[in-house]
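Numbering-wise, the working numbering comes out as the position in the sequence shown, counting from 1, plus 342.
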Amino acid sequence: WVYLSTDGAVAKDSGYAATGGAARDRDGNWIILIDMDLEDSGITVFRITHRILQSKGEWRIKHILRNQNLVTDRLAKLSLSWKSSLQVIDEAILDLLQ
Numbered sequence: 343w344v345y346l347s348t349d350g351a352v353a354k355d356s357g358y359a360a361t362g363g364a365a366r367d368r369d370g371n372w373i374i375l376i377d378m379d380l381e382d383s384g385i386t387v388f389r390i391t392h393r394i395l396q397s398k399g400e401w402r403i404k405h406i407l408r409n410q411n412l413v414t415d416r417l418a419k420l421s422l423s424w425k426s427s428l429q430v431i432d433e434a435i436l437d438l439l440q
């Protein structure tokens, strides 16, 4: 199994939106952290997600409360301040884990 957690954030003053995600294996080990702004890519994210869900395999989707999903919550909020549209993080950022 792979666990994928996602979250989004919106800056109230500008309306700028971003998303963050984290993938872990069934033992809880990090596979990848990713974030991206959603300024022009919302439909792209939707299409990719739709394609993944249509692929072979078993999918289970459930809501996780923010306090149990802090890494992706912080990733989404951090991405509001980063200037590039996509960040792929292959080493855990200590600030996210604390």
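Just so you know, even glycine gets a beta-carbon here, dropped at the ideal spot from N, CA and C.
{"Query": "Local Cβ density within 10 Å of R368, reported as buried at 16 or more and exposed below that", "Result": "exposed"}
{"Query": "CB contact flag (A418, G357, <8 Å)", "Result": "no"}
{"Query": "DSSP state of S356 mapped onto helix, strand, coil", "Result": "coil"}
{"Query": "CA nearest to the CA of D415, picked from G362, A353, L346 and Y345", "Result": "G362"}
{"Query": "L417: first and last residue of the uninterrupted alpha helix (DSSP H) it sits in", "Result": "L412 to S421"}
{"Query": "Endpoints, the beta strand (DSSP E) within which L407 is located", "Result": "Unbroken run through L407: none, as it is neither H nor E."}
{"Query": "Distance, L375 Cα to R352 Cα", "Result": "It is worth fixing the name first, because residue 352 is Val in this sequence and not Arg. C-alpha separation (whole angstroms): 19 Å."}
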